[in-house]
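In my numbering, the protein residues as written are 1125 to 1403. For every residue, glycine included, the Cβ atom is placed at its ideal position computed from N, Cα and C. Here the structure is a predicted model, which is why all the values come from computation and not from measurement. First up is the structure itself, then whatever we jot down about it.
Dropping the structure here:
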């Protein structure tokens, strides 16, 4: 198996590391900007970035970074988020005063905090980072909310599993590579992949019906749209970028025709990648 270096944001034990482990040797980075820089500067072969969560929605900063760096999406993968309440040996929920985690993880565990009002939520930079802080701090009154793997890595006890409010807590990750890298080699690990997906970003003239026309380029060719997202366009106030995912590969004839049609009136079209799923 090729020992690829896979950049990710967070500490060992983060959910992003779980995604990275599916592809190669994880390379931790402090920020998402550093993750993209690692791929751009060829310090990593690939990177995994969370792009949306089934409860928390899209990670907008990563959508912006996809356009700011010379990268391409080469695969996607999904990680089930299973938050655990972690503590030092001898800790308990009865004696705890604070629980640390990433803001999104804290928001996904509101029911726990509503039924344990004596425990205050405290923001940390990362889920696994909160486990690392608790392990190093030696204070049994402080707990962490992180993955089971983080608890194992930092020697913490699992006080409670399945802490999130909803069971269907899943994060979608993009695997990205430098634009000069085709990425086909990474998909050879999934020989049965048949359905491909394509992600694009585009801007439109501020004219009546322009978004309808853009979506019609797909609908008229029976291309299945799976997601649409709008983001403020940084180069002009109150104008927007549109991110779209649809079923099909950019080299398929009907997709090529749709993109050619879209480029006839869109002010910008950027194909972010065509890719399959890595389980």
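| Query | Result |
| --- | --- |
| Contact under 7 Å by Cβ, residue 1220 with residue 1265 | yes |
| Exposure label - residue 1203; buried when at least 16 CB within 10 Å | buried |
| Cβ-based neighbour list, residue 1272, same chain, cut-off 8 Å, excluding 5 preceding and 5 following | 1206, 1208, 1282, 1285 |
| Ranges of the beta strand (DSSP E) found wholly within the stretch 1155–1179, counting only runs of at least 3 | 1170–1177 |
| Residues near residue 1146 by beta carbon distance below 7 Å, same chain, minus five either side | 1201, 1402 |
| Range of the contiguous beta strand (DSSP E) that encloses residue 1364 | 1364–1371 |
| Residue 1211, enclosing alpha helix (DSSP H) - first and last residue | First-last for residue 1211: 1208–1211, but that is the beta strand (DSSP E), not the alpha helix (DSSP H). |
| Proximity winner among 1327, 1167, 1298, 1339, relative to residue 1321 (alpha-carbon distances) | 1298 |
| Burial state of residue 1352 (16 or more Cβ within 10 Å) | exposed |
| Contacts around residue 1180, its chain only, beta-carbon distance under 8 Å, and the 5 residues preceding and following it disregarded | 1228, 1231, 1232 |
| Cβ contact check for the stretch 1163–1173 and the stretch 1369–1389: 3 or more pairs under 8 Å | no |
| Close Cβ partners of residue 1337 (< 7 Å) along its chain, the five nearest in sequence each way excluded | 1389 |
| Length of the line joining the Cα atoms of residue 1384 and residue 1354 | 21 Å |
| Through-space distance from residue 1184 to residue 1332, alpha-carbon basis | 26 Å |
| Nearest neighbour of residue 1211, chosen from 1274, 1375, 1377, 1161 [CA to CA] | 1274 |
| Coil, strand or helix - residue 1186 by DSSP | helix |
| Residue 1349 versus residue 1400: straight-line alpha-carbon distance, rounded | 15 Å |
| Integer Cβ distance of residue 1396 from residue 1341, believed to fall under 8 Å | Not quite, the Cβ-Cβ distance comes to about 17 Å (not below 8 Å), so this is no contact. |
| Assigned exposure category for residue 1236 - 16 Cβ within 10 Å defines buried | buried |
| Simplified DSSP state of residue 1193, which is helix, strand or coil | coil |
| Ordered list of alpha helix (DSSP H) runs contained in the stretch 1257–1324, each at least 4 residues | 1272–1277, 1308–1311 |
| Same chain, Cβ closer than 8 Å to residue 1394, five either side skipped, listed in chain order | 1191, 1324, 1325, 1326 |
| Run of the beta strand (DSSP E) containing residue 1247, from where it starts to where it stops | 1244–1247 |
| Residues bridged to residue 1227 [DSSP beta-bridge criterion] | None, per the DSSP bridge assignment. |
| Span separating the alpha-carbon of residue 1193 from that of residue 1295 | 22 Å |
| Host beta strand (DSSP E) of residue 1391 (start-end) | Note, residue 1391: premise wrong, no beta strand (DSSP E); not H, not E. |
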